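Peer 1:
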């Protein structure tokens, strides 16, 4: 076999919903030890070895198909967390292919029961305004989900739909005859103020994904979606992963109130008596300017997600995605998601 990359951290995936549609393929490839990936910019195919993989960040709007496979990850000594995009655009039909909202909320809670609260991150992504969705209505949608997730999540991550910057998003909205409105900075501040008010009841960590706008005064930070801090808190007992992240520890402490030393600035607390000390910046400099993710390898392919979200940035069109989904099903365990190894 050709020489392969061997990433320690896998992203599965920003480019398509692997848990919802390709879980069988992914876990088959994990057992086989590798998969193929085609660069969307130059068409060059390469191989990804899972020999060194220690952690997976899953991204999904319907991660239920992951549930039967989670014990396999444990057997292989691989930890994970899930970025669960849980939106409410049911009435407007903006996400035609996702399960009913109530079912998705049940899935969220079930996954928390399996993985733990910190290992399932709530995303309402993206926020979008249309002739039917005002800021007030959007805040109501967020509240409806946020109230139901109390006790099941620690964080809400969100972004504002990038309509002017992403040609695919604009083209897909227009093709679906959605009369959208672009968020201005003032509108972003109004949305942030509303979220901060809601959060006085919830107590979640609020964070933006890939946004330039500074919302710190509302208690909203810039997120790290592939997050070394969260990874370390989940998998601090994995010495191989901690060496990769250059985390020193776990270091035991009693705290100043018990006569011990104070915890150093920047330390990651993992228990009442232990912390980790980061030794380097793991930021992935190959991502967008305002993306805070650390280094990982994304294994997905664009134009393969059949959720039919009308604002999609990952598909040229829903027709292209549907064709590629059918192509995959003709050869569901090939090296490449697309089956014929051509993106």
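Residue numbers (this note's numbering): 3 to 345.
Beta carbons are placed, not taken as given, at the ideal position from N, Cα and C, and that holds for glycine.
Just so we're clear, the structure is a prediction, and the values are computed from it rather than from any experiment.
(1) What's the call for residue 26, buried or exposed, on a 16-neighbour Cβ count within 10 Å?
(2) Relative to the C-alpha of residue 331, which candidate in 23, 15 and 9 has its C-alpha closest?
(3) Apart from the five residues on each side of it in sequence, which residues of its chain come closer than 7 Å, Cβ to Cβ, to residue 326?
(4) Could you spell out where the alpha helix (DSSP H) holding residue 23 opens and where it closes?
(5) Let me know the secondary structure DSSP gives residue 322 once reduced to three states.
(6) If I follow the unbroken alpha helix (DSSP H) through residue 109, where does it start and stop?
(7) By the DSSP assignment, the beta strand (DSSP E) with residue 280 in it spans what residues?
(8) Measure the Cβ-Cβ separation of residue 54 and residue 101 and say whether it is below 8 Å.
(9) Tell whether a beta-carbon distance below 8 Å holds between residue 296 and residue 285.
(10) Give the C-beta separation of residue 66 and residue 302 to the nearest angstrom, bearing in mind that I take them to be a contact with Cβ-Cβ under 8 Å.
(11) Sort 252, 119 and 37 by Cα distance to residue 156 and report the nearest one.
(12) Under a three-way DSSP split, which group does residue 65 fall into?
(13) Quick check: is any heavy atom of the ligand GDP less than 7 Å from the C-beta of residue 214?
(14) Residue ranges of each alpha helix (DSSP H) run of no fewer than 4 residues wholly in the region 140 to 196, ordered along the chain?
(15) So the alpha helix (DSSP H) residue 77 belongs to, where does it begin and stop?
(16) Let's see if you can read the secondary structure: which residues bound the alpha helix (DSSP H) around residue 241?
(17) Compare the C-alpha of residue 78 against each of 34, 93 and 96 and name the closest.
(18) Suppose contacts are defined by Cβ-Cβ distances below 8 Å. Is residue 217 in contact with residue 249 by that definition?
(19) Can you tell me the Cα-Cα spacing of residue 261 and residue 273, whole angstroms?
(20) If you follow the beta strand (DSSP E) that residue 11 is part of, which residue opens it and which one closes it?
(21) If we ignore side chains and look at the alpha-carbon of each, how far apart do residue 7 and residue 62 end up?
(22) Using DSSP's beta-bridge definition, name the partner residues of residue 125.
(23) Buried or exposed: which applies to residue 138, given that a residue is buried once 16 or more other Cβ atoms fall within 10 Å of its Cβ?
(24) DSSP beta-bridge partners for residue 40?
(25) Rounded to whole angstroms, what's the CA-CA distance from residue 259 to residue 150? Just pull it up for me.
(26) Could you tell me the boundaries of the alpha helix (DSSP H) in which residue 234 lies?
(27) Contact check, residue 50 vs residue 298 under 8 Å by CB: the rounded distance?
(28) Could you give the distance in angstroms between the alpha-carbon of residue 224 and the alpha-carbon of residue 191?
(29) In this structure, does DSSP put residue 3 in helix, strand or coil?
(30) With DSSP as the reference, please indicate the residues paired to residue 97 in a beta bridge.
Peer 2: According to the structure shown:
(1) Exposed, since its Cβ has fewer than 16 Cβ neighbours within 10 Å.
(2) The candidate whose alpha carbon is nearest that of residue 331 is 23.
(3) 305, 306 and 340
(4) 20 to 23
(5) Of the three classes helix, strand and coil, the one that applies to residue 322 here is helix, per DSSP.
(6) 103 to 117
(7) 276 to 280
(8) no
(9) yes
(10) 18 Å between Cβ atoms; not a contact.
(11) 119
(12) coil
(13) The ligand GDP is not part of this structure, which contains no ligands at all.
(14) 169 to 177
(15) 72 to 77
(16) 241 to 247
(17) 34
(18) no
(19) Bear in mind that the predicted position of residue 261 carries a pLDDT of just 45, short of 50, making it too unreliable to give a figure here.
(20) 11 to 14
(21) Approximately 24 Å, taken between the alpha carbons.
(22) 87 and 159
(23) exposed
(24) 47
(25) For residue 259, the predicted structure reports a pLDDT of 47, less than 50, and the residue's modelled location is therefore unreliable. The matter cannot be settled from this model.
(26) 230 to 237 is the span of the alpha helix (DSSP H), which, as asked, contains residue 234.
(27) That pair is no contact at about 11 Å.
(28) So the alpha carbons of these two residues sit roughly 15 Å apart.
(29) Summary for residue 3: the model assigns pLDDT 45, below 50, so the residue's position carries little reliability; its value from the coordinates is reported in the next sentence. In this structure, residue 3 counts as coil in the three-state DSSP scheme.
(30) In DSSP, residue 97 forms a bridge with 311.
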